[in-house]
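Sequential numbering from 1 applies to the sequence shown in my numbering. Heads up, the beta-carbon is just placed ideally off N, CA and C, and yes, glycines get one too.
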Amino acid sequence: MIVGGSGALLHTADGRDILDGAGGAIVGNIGWGRGEVADAVHAAMSSGGYVLPVWPTPARLALLDTLVEHWLPEGFSQVFFTSGGSESTDSALRLARAYQLGKGRPERWKVVGRHPSYHGMTLGTMAAASHSGRQAGYEPLLLPFPKVPWDDPAGVVEVIEREDPATIAGFIAEPITGAAGACLVASDEYWRTVTELCRRHDILLIADEVMTGFGRTGVPFAHQHQPFEPDVVVGGKGLGGGYVPMGAVATRADVAEVLRERGFMFFTFTGTDAMCAGAAAVLDILLREDLVARAASMGERLHRRLHEAFDDHPHVAEVRGRGLFAGIELVRDRASREPFPSGSKLTASVVGQALARDLWVYPAGSGPVRDGILVGPPFVVSEEQVDQIASRLREALDAAVSRSG
Ligand code: PLP
């Protein structure tokens, strides 16, 4: 039973302090117990109530202004708000289709996804992703969207040519793969190839920054680490810092212009006033306290500590990621990269052992990455807490492996 939180700690009813090494579900960035976010939401709710999404309000415009001025890539001026990650990625798929319809190309409906990947739990986002565990059993409901390898540029070219670019509306990718891949980072050549193919064929390139956005990797958006130039950027999680359910789909005016005639239907809670006020308060704290730079510097320490703890570990294939977004891939044999047997549930066991040591880390893995752990604490995490994450996680892995026999 969690009864509260402060900084990077979660407080339980029986008096334990759990070190939140994953910011909940890689959501928490400003840390817990920030009353000023609640104050902002309270003020917005007290002064009114529900306002139709198509009408401007001061809170909506303030959030849009700060996004355009401080966060989004150059030229991104159009934002569609949602209530979270899945609604945002799903809206981006719809946007890709609407864009192609607006351009007079009704035969374009496919959205290319990567293997492995995760984009949410709506039927559309499940179809565009490749996360075997989360898709299992729902396959008959999912559109047959094509999948490309996460790392192989030639494989991307081959799939796009085989599918026929004239049938493809969009391409969706996590710049650094989260829950499905435990921080897989593709090469610069990969992203150059993807960007060039999408440009050449007018395929809308969507960066799913739900996990990686708003400073998590030490820069505003993770695609900025590489030659990955999206037409659409999708955010969720960190936009509301874990305090308010907010997501956003952002694009350039030339893309939005194509949608003008058809329109783009809102959700009832698109950009709810109080949620916009809460998100603006979260972004304000990130800016005022220079927390993105802190994610970069504490991220360096985190990676150093994780490398020290795991580089010689017989069951760790790799430590990877950027900033305060780190993945640890677990294998039975480090040299051959043979995974643990699928029934061993090693990831769940490591997470359980970590929790027994008052550390929360996030389970990851699908397809080529059977077992993985995601680490992504709030940006306010202290140096000492970073060191504790690495040492407790090492103990947890050793305990889980010894119990698995
Ligand atoms: N996209 C990515 C990359 C995610 O990691 C997630 C959630 O983990 C989602 C989309 C879905 O977001 P939500 O759980 O807020 O619907």
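Separation of residue j from residue i, as counted between CA atoms
{"i": "residue 177", "j": "residue 210", "result": "11 Å"}
{"i": "residue 37", "j": "residue 307", "result": "35 Å"}
{"i": "residue 310", "j": "residue 404", "result": "19 Å"}
{"i": "residue 71", "j": "residue 106", "result": "33 Å"}
{"i": "residue 96", "j": "residue 158", "result": "21 Å"}
{"i": "residue 79", "j": "residue 255", "result": "11 Å"}
{"i": "residue 325", "j": "residue 191", "result": "19 Å"}
{"i": "residue 281", "j": "residue 41", "result": "9 Å"}
{"i": "residue 116", "j": "residue 298", "result": "28 Å"}
{"i": "residue 33", "j": "residue 316", "result": "35 Å"}
{"i": "residue 56", "j": "residue 335", "result": "58 Å"}
{"i": "residue 244", "j": "residue 27", "result": "10 Å"}
{"i": "residue 208", "j": "residue 250", "result": "11 Å"}
{"i": "residue 193", "j": "residue 181", "result": "21 Å"}
{"i": "residue 132", "j": "residue 123", "result": "14 Å"}
{"i": "residue 142", "j": "residue 276", "result": "32 Å"}
{"i": "residue 149", "j": "residue 279", "result": "34 Å"}
{"i": "residue 15", "j": "residue 375", "result": "24 Å"}
{"i": "residue 18", "j": "residue 183", "result": "23 Å"}
{"i": "residue 283", "j": "residue 338", "result": "42 Å"}
{"i": "residue 363", "j": "residue 402", "result": "19 Å"}
{"i": "residue 225", "j": "residue 147", "result": "23 Å"}
{"i": "residue 152", "j": "residue 64", "result": "36 Å"}
Nearest-angstrom Cβ-Cβ length linking residue i and residue j, presumed shorter than 8 Å
{"i": "residue 361", "j": "residue 31", "result": "About 17 Å; that fails the 8 Å criterion."}
{"i": "residue 160", "j": "residue 197", "result": "6 Å"}
{"i": "residue 130", "j": "residue 114", "result": "7 Å"}
{"i": "residue 136", "j": "residue 93", "result": "Contact flag wrong, Cβ pair sits at about 21 Å."}
{"i": "residue 292", "j": "residue 220", "result": "6 Å"}
{"i": "residue 271", "j": "residue 81", "result": "3 Å"}
{"i": "residue 119", "j": "residue 175", "result": "With a Cβ gap of about 13 Å, residue 119 and residue 175 do not count as contacting."}
Residue closest to residue i, alpha-carbon to alpha-carbon, out of the options
{"i": "residue 121", "options": "191, 259, 88, 184", "result": "88"}
{"i": "residue 73", "options": "229, 300, 261", "result": "229"}
{"i": "residue 50", "options": "397, 390, 273", "result": "273"}
{"i": "residue 203", "options": "385, 367, 111", "result": "111"}
{"i": "residue 167", "options": "333, 179, 186, 109", "result": "109"}
{"i": "residue 52", "options": "269, 304, 253", "result": "269"}
{"i": "residue 312", "options": "289, 261, 242, 331", "result": "331"}
{"i": "residue 242", "options": "76, 61, 271, 83", "result": "83"}
{"i": "residue 261", "options": "10, 101, 16, 60", "result": "101"}
{"i": "residue 264", "options": "58, 18, 98", "result": "98"}
{"i": "residue 77", "options": "341, 213, 296, 253", "result": "253"}
{"i": "residue 169", "options": "212, 154, 199", "result": "199"}
{"i": "residue 154", "options": "187, 174, 140, 145", "result": "187"}
{"i": "residue 357", "options": "392, 348, 174", "result": "392"}
{"i": "residue 369", "options": "195, 329, 342, 1", "result": "329"}
{"i": "residue 86", "options": "61, 63, 125", "result": "125"}
{"i": "residue 294", "options": "314, 386, 348", "result": "386"}
{"i": "residue 314", "options": "48, 162, 394, 240", "result": "394"}
Where residue i falls: helix, strand or coil (DSSP)
{"i": "residue 74", "result": "coil"}
{"i": "residue 387", "result": "helix"}
{"i": "residue 11", "result": "strand"}
{"i": "residue 335", "result": "coil"}
{"i": "residue 264", "result": "coil"}
{"i": "residue 201", "result": "helix"}
{"i": "residue 251", "result": "strand"}
{"i": "residue 116", "result": "coil"}
{"i": "residue 207", "result": "strand"}
{"i": "residue 26", "result": "helix"}
{"i": "residue 228", "result": "coil"}
{"i": "residue 191", "result": "helix"}
{"i": "residue 110", "result": "strand"}
{"i": "residue 177", "result": "strand"}
{"i": "residue 82", "result": "strand"}
{"i": "residue 244", "result": "coil"}
{"i": "residue 171", "result": "strand"}
{"i": "residue 421", "result": "The structure shown does not extend to residue 421, since the chain is modelled only from 1 to 405, so the question has no answer here."}
{"i": "residue 233", "result": "strand"}
Residue i and residue j closer than 8 Å at C-beta
{"i": "residue 346", "j": "residue 399", "result": "no"}
{"i": "residue 258", "j": "residue 103", "result": "yes"}
{"i": "residue 217", "j": "residue 365", "result": "no"}
{"i": "residue 238", "j": "residue 247", "result": "no"}
{"i": "residue 164", "j": "residue 205", "result": "no"}
{"i": "residue 353", "j": "residue 390", "result": "no"}
{"i": "residue 7", "j": "residue 359", "result": "no"}
{"i": "residue 266", "j": "residue 54", "result": "yes"}
{"i": "residue 301", "j": "residue 383", "result": "yes"}
{"i": "residue 23", "j": "residue 29", "result": "yes"}
{"i": "residue 185", "j": "residue 320", "result": "yes"}
{"i": "residue 367", "j": "residue 327", "result": "no"}
{"i": "residue 343", "j": "residue 286", "result": "no"}
{"i": "residue 44", "j": "residue 59", "result": "yes"}
Contact test: residue i Cβ vs the ligand NAD heavy atom, cutoff 7 Å
{"i": "residue 126", "result": "Although the ligand NAD was asked about, the structure shown includes only the ligand PLP as ligands."}
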